[in-house]
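Novice: Could you have a look at this structure, given as structure tokens, before my questions?
Chains as they are written, first to last, in the numbering used here: chain A, 5 to 168; chain B, 713 to 1043.
Right under this line is the structure:
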């Protein structure tokens, strides 16, 4: 029974640890997707003249789940009278801070609100910001991500040792 | 006298009914379905109660009642459909106009910035929304509008206007035709029907349509919403001058069609007429006497063989046709 509990403790703690480290990975992936999207919309807006819904539908291809979730929320919002994305819409993204969430909201709220030239300039500014965020989150993932994983295993082992 | 008035009244009513029956209802329903998505819900449900064939325009003005042009008469839109009572009318504010505009351009102003800079929007091909507001300049050029105060949504119709007699006058042989009428009297609808009727000729001409505002053919993803026959090639949203110079070289048309020509197009139109390609076009104008005195008309006088005047009272009705010597040949 004790052995079973120890195994459960090790697996449980490791799972929590890796779960927490996964959040850093999700954050990195989200910023990667945002940077790629910013680069892509320049041509979508300028050359092809696609509408916001076309841009979002195209942008979701081969992108991460979190990015697709935001795009779907924006698309859903487009059919409503109040079409602006709010912080509440992306509350599922628990791994990003409120400040980062409002930055993402600002970016999507500005889509389609001005002419092609302005949109292109805006996306360049956001691309730069998202790139900085990406670098920071990569660094965070390297340090904290692996740390949480290891901490989970160690915590599990510690609990197991205490039980034994 | 009263008997004469009665006969005239009956004639007008009959004409109106005949005209209405010639309108293709499926097409208007298709457009109304699309337009419903851009309006606030209460306007959409009120429009449902109207006879779509008679609906011509919907005008939204900030802080003012919603006005519809219905069978050439202006009414306010209300819960019951139409009303002449201002108190019962729906009022619309600036925010709702902005929302309507954003929905009309699919929340993507960048995709419509060229159209907006010219004061209109074509959200679905064939439908034109006129825009009024605060013009935004960039280097002495209007790039867009902000603080939109008014929208004018025009509902397109496909109507058989050309009678056998008119076809005989205008298309046997093919002539250079200038259609004239005040705004909103059916010039575009007439041109559309003229294109269709040309395709039924024994030897139908190849037609190049320069559809600058996407109104005549209503091309959606390569397909025309309106019936313009099987012999028509369409250049959509391109400048008339570009469409003429590139289209004539590449598509070798027998007839070129364009809507709403103005003074700057005269030189190009003359070139086309002299090259042997026939031209059907329209222009704003009311009476032959007024138009004769216009400077640009003097230049046109050597170009066109037929001048078609539409009635300013009944929409889509041909009132007069003049020949190249400006003699009336149809009344």
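For glycine and all other residues, C-beta sits at the position ideal for the given N, C-alpha and C. Predicted model only: the values in this text are computed from it and were never measured.
Residue 1025 (chain B) CB to nearest chain A CB: under 9 Å?
Specialist: no
Novice: Would you kindly report the start and end of the unbroken beta strand (DSSP E) that includes residue 782 (chain B)?
Specialist: 779-782
Novice: Hey, out of A:116, A:158, A:149 and A:126, whose CA is closest to residue 53 (chain A)'s CA?
Specialist: Residue A:116 is the option with its Cα nearest to residue 53 (chain A).
Novice: Kindly say whether residue 825 (chain B), judged by its beta-carbon, lies nearer than 9 Å to any beta-carbon of chain A.
Specialist: Yes, because at least one Cβ of chain A sits closer than 9 Å to the Cβ of residue 825 (chain B).
Novice: Residue 167 (chain A) by DSSP, collapsed to three states: which one?
Specialist: helix
Novice: Have a look at residue 6 (chain A) and residue 144 (chain A) and give me their C-alpha separation to the nearest angstrom.
Specialist: Near 37 Å, if we compare the C-alpha coordinates of residue 144 (chain A) and residue 6 (chain A).
Novice: Determine whether the Cβ of residue 817 (chain B) lies closer than 9 Å to any Cβ atom of chain A.
Specialist: yes
Novice: How would you list, in chain order, the residues of chain B whose beta-carbon sits under 7 Å from the beta-carbon of residue 76 (chain A)?
Specialist: Residues of chain B passing the Cβ test: none, with the nearest at roughly 15 Å.
Novice: Using a C-beta cutoff of 9 Å, does residue 820 (chain B) count as contacting chain A?
Specialist: yes
Novice: Use the C-beta contact count for residue 745 (chain B): other C-beta atoms within 10 angstroms, 16 or more gives buried, fewer gives exposed.
Specialist: exposed
Novice: Just verifying my parser: in three-state terms, what is the DSSP assignment at residue 52 (chain A)?
Specialist: coil
Novice: Have a look at residue 858 (chain B) and residue 27 (chain A) and give me their C-alpha separation to the nearest angstrom.
Specialist: 42 Å
Novice: How should residue 977 (chain B) be labelled, buried or exposed, when 16 other C-beta atoms within 10 angstroms of its C-beta is the threshold for buried?
Specialist: buried
Novice: Starting from the Cα of residue 906 (chain B), find the closest Cα among B:762, B:944 and B:788 and give me that residue.
Specialist: B:944
Novice: If we define contact as Cβ-Cβ less than 9 Å, is residue 3 (chain A) a contact residue for chain B?
Specialist: An answer regarding residue 3 (chain A) cannot be provided, because it is not within the stretch 5 to 168 covered by chain A.
Novice: To test your reading of the DSSP string, which unbroken beta strand (DSSP E) runs of 3 or more residues are found completely within the region 926-983 of chain B?
Specialist: Fully enclosed beta strand (DSSP E) runs of 3 or longer: 944-948 and 967-970.
Novice: Under the rule that 16 or more other beta-carbon atoms within 10 Å means buried, what is residue 820 (chain B), buried or exposed?
Specialist: buried
Novice: Helix, strand or coil: how does DSSP classify residue 109 (chain A) here?
Specialist: helix
Novice: Give, in chain order, every residue of the region 847-864 of chain B whose Cβ lies closer than 8 Å to some Cβ of chain A.
Specialist: 855 and 856
Novice: Can you tell me whether residue 1066 (chain B) is helix, strand or coil according to DSSP?
Specialist: Nothing about residue 1066 (chain B) can be reported from this structure: the residues present for chain B run from 713 to 1043 only.
Novice: Give the single residue among B:867, B:896 and B:1027 whose Cα lies nearest to the Cα of residue 747 (chain B).
Specialist: B:867
Novice: Under 8 Å between beta-carbons, which chain B residues line up against residue 90 (chain A)? List them in chain order, please.
Specialist: Result: empty, since nearest Cβ-Cβ is about 16 Å, beyond 8 Å.
Novice: What residues in its chain sit with their C-beta under 8 Å from that of residue 798 (chain B), if we drop five residues either side in the sequence?
Specialist: 777 and 788
Novice: Mind pulling the chain B residues with CB within less than 9 Å of residue 57 (chain A)?
Specialist: 818, 819 and 820
Novice: Is it buried or exposed for residue 108 (chain A), if we count other Cβ within 10 angstroms and need 16 for buried?
Specialist: buried
Novice: Out of B:984, B:985 and B:973, which one is the CA nearest neighbour of residue 994 (chain B)?
Specialist: B:973
Novice: Take residue 803 (chain B) as the anchor and find which of B:770, B:921 and B:851 has the nearest alpha-carbon.
Specialist: B:770
Novice: To which residues of the same chain is residue 73 (chain A) closer than 7 Å at the C-beta, ignoring the five residues directly before and after it?
Specialist: 96
Novice: Would you decide whether residue 909 (chain B) is buried or exposed? Buried here means 16 or more other CB atoms lie within 10 Å of its CB.
Specialist: buried
Novice: Would residue 780 (chain B) pass as a contact of residue 767 (chain B) if the rule is Cβ separation under 9 Å?
Specialist: Yes, Cβ-Cβ distance for residue 780 (chain B) and residue 767 (chain B) is below 9 Å.
Novice: For residue 656 (chain B), which three-state DSSP category applies?
Specialist: Within the shown structure, residues of chain B are numbered from 713 to 1043, placing residue 656 (chain B) beyond reach of any answer.
Novice: Which residue's Cα is closest to the Cα of residue 990 (chain B): B:800, B:856 and B:890?
Specialist: B:890
Novice: Let me confirm a value: residue 927 (chain B) is counted as buried when at least 16 other C-beta atoms fall within 10 Å, else exposed. Which label applies?
Specialist: Residue 927 (chain B) is buried by the Cβ-count criterion.
Novice: Can you pull the chain B residues whose beta carbon is under 8 Å from the beta carbon of residue 108 (chain A), in chain order?
Specialist: The contacting residues do not exist; residue 108 (chain A) stays about 17 Å from chain B at best.
Novice: Following the continuous beta strand (DSSP E) through residue 876 (chain B), name the residue where it begins and the one where it ends.
Specialist: From DSSP, residue 876 (chain B) is part of no beta strand (DSSP E) but of the alpha helix (DSSP H) over 876-883.
Novice: How far does the alpha helix (DSSP H) with residue 758 (chain B) in it extend, from its first residue to its last?
Specialist: Taken as a continuous stretch (DSSP letters only), the alpha helix (DSSP H) holding residue 758 (chain B) covers 753-759.
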